[in-house]
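Engineer: Mind the numbering: the sequence shown is residues 0 to 300 in numbering that gives the first Met the number 0, read in order. Pasting a structure below so you can have a look.
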Amino acid sequence: MIVIMDTGTVAADAAGTWQLGDLTVNRMGLGAMRLTGAAQGRPGDRGRAVGVLRRAVELGVNHIDTAAFYFSALRSANELINTALAPYPEDLVIATKVGPGKDPSGEWLPLARPEQLRGQVEENLRQLGRDHLDLVYLRQAGLESVAEHFGALAELREAGLIRHLGISNVRPHHLPQAQAVAPVVSVQNAYGLGFRPGHDQFVRDCAAQGVAYVPFFSLATTGREAGVGGAEHAEVRAVAAAHGVSAVQVRLAWTLRRGPNVLAIPGTGDPDHLVANVAAASLRLTDEDLARLEVAHRRGE
């Protein structure tokens, strides 16, 4: 079900803003991974993907999350962003991730070594057509300490290739490790209603330190994305019915209520889904709604 509330309220700034260092972003943003193809793996339509990006900016989205490894057989997220939006609006913040990589056939490569991160940063610069990157996440995998990898990115920040730094796919102890090297403006982790409730305290700790928390799996339901086939919690369905909205919109509104530092980046290649997602920034959940949804959230422990 796609539900679009009063079209006058479809604006990405309806949920407020957050500071990523010296950059102000609306808390409702856009994830670019789904632009490269359909959820089932089929290549998406190029023209429609370009249209989604341009429509997102029209709706006030000024925070787009991407990566050079977001590509399919026919589409590259970074190339689509460049085609659709360059020359870029002054207030647009494009965040990208380095660490993982894929070969040209799409096969995953081992996590980049610290000395390889510069090449990945430069790859993003070329694809996006920029001389610096607004925000770069170190997306780690299997590291007990992120200090050496993060230090390599800190050097690129000092060189002017990167404006701000973040960390992704991390555990709480990784944050102070990175902060000891350079300022961290954002943490990006898998997190959602009923998914990883054990990270609730990490979200609050980030807020207390002025660090954004950006869930990349905020529409999770039984290991799949809502609307793709995962079973939905009864509590989510009930709240959605009470407000006359979709379960996805409830999940996005819940995500934004987890703290003022939480930024939503739902991904889609569908223009109707985009509008519905942005409209969720205006959805105001009641205390009763939140208590009901907390039951579903705690069930994920």
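Don't be surprised by glycine CBs; every beta carbon is placed ideally from N, CA and C.
1) Can you find the residues in the same chain that come closer than 7 Å, C-beta to C-beta, to R54, ignoring five residues on each side of it along the sequence?
2) Is the distance from the Cβ of H296 to the Cβ of G197 below 8 Å?
3) Near V76, what residues of its chain come up, given a Cβ to Cβ distance below 8 Å and the 5 sequence neighbours on each side ignored?
4) Check whether the stretch 206 to 215 and the stretch 233 to 246 are in contact - that is, three or more C-beta pairs closer than 8 Å.
5) With L207 as the anchor, note down where its beta strand (DSSP E) starts and where it stops.
6) Which of the three DSSP states is assigned to F194 in this structure?
7) Note down the Cα distance separating E300 from T254, rounded to an integer number of angstroms.
8) Could you check what DSSP says for I80 in three-state terms: helix, strand or coil?
9) Going by C-alpha distance, which of V261, N260, Q248, A189 is nearest L282?
10) Closer than 8 Å by C-beta to V60: which residues in its own chain qualify, once you throw out the five before and the five after it? Chain order, please.
11) Can you tell me where the alpha helix (DSSP H) holding Q126 begins and where it ends?
12) Among A72, G159, S245, L152, which one has its Cα closest to the Cα of A177?
13) Check this for me: beta carbons of G258 and V294, under 8 Å apart or not?
14) So the alpha helix (DSSP H) N276 belongs to, where does it begin and stop?
15) Between A146 and L91, what straight-line distance do the alpha-carbon atoms span, to the nearest angstrom?
16) With DSSP as the reference, label A211 as helix, strand or coil.
17) I93 bridges to which residues according to DSSP?
18) Looking at the unbroken beta strand (DSSP E) that takes in D102, where does it start and where does it end?
19) Judging by CA-CA distance, which residue of G141, A263, Q200, R256 is the nearest neighbour of D286?
20) Using only the alpha-carbon positions, how far apart do M63 and I161 sit?
21) Would you decide whether Q18 is buried or exposed? Buried here means 16 or more other CB atoms lie within 10 Å of its CB.
22) Report, in whole angstroms, the separation of the C-beta atoms of L134 and S167, which I expect to be a contact under 8 Å.
23) Is V97 near L116, with beta carbons less than 8 Å apart?
24) In the structure shown, what three-state DSSP assignment does F70 receive?
25) Excluding five sequence neighbours on each side, which residues of the same chain lie with their C-beta closer than 6 Å to the C-beta of A13?
26) Per DSSP, what kind of secondary structure is V135 in: helix, strand or coil?
Structural biologist: Let me lay it out:
1) Residue mapping note: residue 54 aligns to position 55 of the sequence shown, counting from 1. So the qualifying residues of the chain are P270, L273.
2) As a working note, residue 296 is residue 297 in the sequence shown. As a working note, residue 197 is residue 198 in the sequence shown. In this structure, G197 does not lie closer than 8 Å to H296 by Cβ.
3) Here residue 76 refers to the residue found at position 77 of the sequence shown. In the sequence as presented, Val is not what sits at residue 76; that position holds Ala. If we look at A76 and ignore the five residues flanking it on each side, its Cβ neighbours are A31, M32, L34, T35, T65, A66, Y69, F70.
4) The stretch 206 to 215 makes no contact with the stretch 233 to 246; the number of CB pairs closer than 8 Å stays below 3.
5) Along the sequence shown, read from residue 1 onward, the residue named residue 207 stands at position 208. Looking at the sequence itself, residue 207 is Ala, so the reference to Leu does not match. Premise fails: A207 lies in the alpha helix (DSSP H), 199 to 207, not in any beta strand (DSSP E).
6) For this step, residue 194 is matched to residue 195 along the sequence shown. Looking at F194 - three-state DSSP - the assignment turns out to be strand.
7) Translated into positions along the sequence shown, residue 300 becomes position 301. Translated into positions along the sequence shown, residue 254 becomes position 255. Cα-Cα distance, rounded: 17 Å.
8) Residue numbering aside, residue 80 sits at position 81 when the sequence shown is read from its first letter. Judged by DSSP in its simplified three-state form, I80 adopts helix.
9) Walking along the sequence shown from the start, residue 282 turns up at place 283. Closest by C-alpha distance to L282, out of V261, N260, Q248, A189, is Q248.
10) The sequence position of residue 60 within the sequence shown is 61, counting from 1. Excluding sequence neighbours, V60 sits near A11, N25, M27, G28, L29, V277.
11) For the purposes of this step, residue 126 is identified with residue 127 of the sequence shown, where counting begins at 1. 116 to 127 is the span of the alpha helix (DSSP H), which, as asked, contains Q126.
12) Along the sequence shown, one-based indexing puts residue 177 at 178. When each option's Cα is compared against that of A177, the closest is L152.
13) The residue labelled residue 258 in the question sits at position 259 within the sequence shown. The residue labelled residue 294 in the question sits at position 295 within the sequence shown. No. Outside cutoff.
14) Position 277 of the sequence shown holds residue 276. Annotation for N276: the continuous alpha helix (DSSP H) segment containing it runs 270 to 278.
15) What you label residue 146 is simply residue 147 of the sequence shown in a count that begins at 1. What you label residue 91 is simply residue 92 of the sequence shown in a count that begins at 1. So the alpha carbons of these two residues sit roughly 29 Å apart.
16) The residue given as residue 211 occupies position 212 in the sequence shown. It is a strand residue.
17) Reading the sequence shown from its first residue, position 94 is the one you call residue 93. Per DSSP, the beta bridge partners of I93 are I63.
18) Working through the sequence shown from its first residue, we reach residue 102 at position 103. Element bounds for D102: n/a, residue is neither H nor E.
19) If you number the sequence shown from 1, residue 286 lands on position 287. For D286, the closest alpha carbon among the candidates G141, A263, Q200, R256 is that of R256.
20) On the sequence shown, position 64 is the one that residue 63 refers to. On the sequence shown, position 162 is the one that residue 161 refers to. Residue 63 is actually Ile in this sequence, not Met. It is roughly 16 Å from the alpha-carbon of I63 to the alpha-carbon of I161.
21) Within the sequence shown, the letter at position 19 stands for residue 18. So Q18 counts as exposed.
22) Sequence index remark: in the sequence shown, residue 134 carries index 135 (1-based). Sequence index remark: in the sequence shown, residue 167 carries index 168 (1-based). 11 Å between Cβ atoms; not a contact.
23) Translated into the one-based positions of the sequence shown, residue 97 becomes position 98. Translated into the one-based positions of the sequence shown, residue 116 becomes position 117. The answer is yes: Cβ separation under 8 Å.
24) Residue 70 sits at position 71 when you count from the first residue of the sequence shown. Three-state result, F70: strand.
25) Within the sequence shown, the letter at position 14 stands for residue 13. The residues are A280, S281.
26) Residue numbering aside, residue 135 sits at position 136 when the sequence shown is read from its first letter. In the structure shown, V135 falls within a strand segment according to DSSP collapsed to helix, strand and coil.
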